[in-house]
Every structure is written in structure tokens, then in C-alpha cells.
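Student: Take a look at the following structure, please.
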Amino acid sequence: MALTSLHPEYGARLVLERDPAEAGVGHQLRVYEPEDVLHEGRALLDGAFALTWVSTPPEWAVTFLERLLAGLAKKHAEDGSFPRKLTRWREPR
94 MALTSLHPEY GARLVLERDP AEAGVGHQLR VYEPEDVLHE GRALLDGAFA
144 LTWVSTPPEW AVTFLERLLA GLAKKHAEDG SFPRKLTRWR EPR
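Going by the numbering used here, the sequence shown opens with residue 94, and the numbers climb by one from there.
Now the structure itself:
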């Protein structure tokens with residue numbers, strides 16, 4: 094079965110893409126929900142992290158992203174080896 098859409102049938106697919114043009118460590122965020130619902134935002138990891146949203150995803154997805162970003166900041170802050178792209182799926186909680 095081939096993936097034809099990032100929109101899942103259930104839950105949410107979360108995509109983080111590194112933005113090399115961003116000062117500091119910036120990521121573009123996308124949260125894909127069923128029925129073609131898409132939320133977009135940005136994250137800046139500069140010691141701590143800040144999230145800004147064009148449209149806010151469900152609270153459980155924001156909580157998961159905050160935990161994921163905190164883990165990335167902790168793991169990669171010293172050597173700057175942040176991944177270029179991460180894709181994760183989560184069910185609602």
C-alpha cells in the first residue's frame with residue numbers, strides 16, 4: 094500500500110522540516126489530520142523553544158510536539174546535528 098496523502102484516516106501525522114535560512118534552529122511544522130485538515134506553524138529551538146501557529150492543532154498534538162522538540166533540543170543542542178526532517182504519527186490522547 095503506497096502512501097498517497099499525508100492526511101491519516103485517524104489521529105494526526107506530524108512533520109517537522111528544518112529551515113536552513115532561519116536564524117538559530119528553525120523548523121516548519123505541519124500537522125495533518127483526517128479529512129484534509131492541515132495546521133501549520135514554526136518552531137525555533139534556541140536553548141529553549143518557541144512555537145507559533147497559523148492555525149492551532151488539537152492540544153494533544155501540541156503537547157506531543159512540545160515533548161518531541163524538547164527532546165531534540167536536549168539531544169542535538171551541543172553538536173548542532175538537528176535532523177532535516179522528521180515525520181511521526183500519533184493517535185489522539
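All C-beta atoms, glycine included, are put in the ideal place defined by N, C-alpha and C.
Given the structure is predicted, the values throughout are model-derived calculations rather than measurements.
I need the DSSP call for H169, collapsed to helix, strand or coil.
Tutor: Position 76 of the sequence shown holds residue 169. Three-state result, H169: helix.
Student: Here's the rule: buried if 16 or more other CB atoms are within 10 angstroms of the residue's CB, otherwise exposed. What is L131?
Tutor: As a working note, residue 131 is residue 38 in the sequence shown. Its Cβ having fewer than 16 others within 10 Å, L131 is exposed.
Student: DSSP three-state call for L161: helix, strand or coil?
Tutor: Within the sequence shown, residue 161 is the residue found at index 68, counting from 1. Helix.
Student: Applying the 10 Å Cβ sphere with the 16-neighbour rule, what's the burial state of V185?
Tutor: Reading the sequence shown from its first residue, position 92 is the one you call residue 185. Checking the displayed sequence, the identity of residue 185 turns out to be Pro instead of Val. It counts as exposed.
Student: With a Cβ-Cβ cutoff of 9 Å, do L165 and L107 count as a contact?
Tutor: As a first step, residue 165 must be located in the sequence shown, where it is residue number 72. As a first step, residue 107 must be located in the sequence shown, where it is residue number 14. Not a contact, by the Cβ cut-off of 9 Å.
Student: Looking at C-alpha atoms only, which residue of G119, V124 and G104 is the closest neighbour of T149?
Tutor: The sequence position of residue 149 within the sequence shown is 56, counting from 1. Considering only alpha carbons, the answer is V124.
Student: Between E58 and the rest of its own chain, which residues show a CB-CB distance below 6 Å, the 5 nearest in sequence each way excluded?
Tutor: For residue 58 there is no data in the structure shown, the boundaries of the chain being 94 and 186.
Student: From L99, P151, W182 and A143, pick the residue whose C-alpha is nearest to that of H120; which is it?
Tutor: Within the sequence shown, the letter at position 27 stands for residue 120. Taking only the C-alpha atoms, the option nearest H120 is A143.
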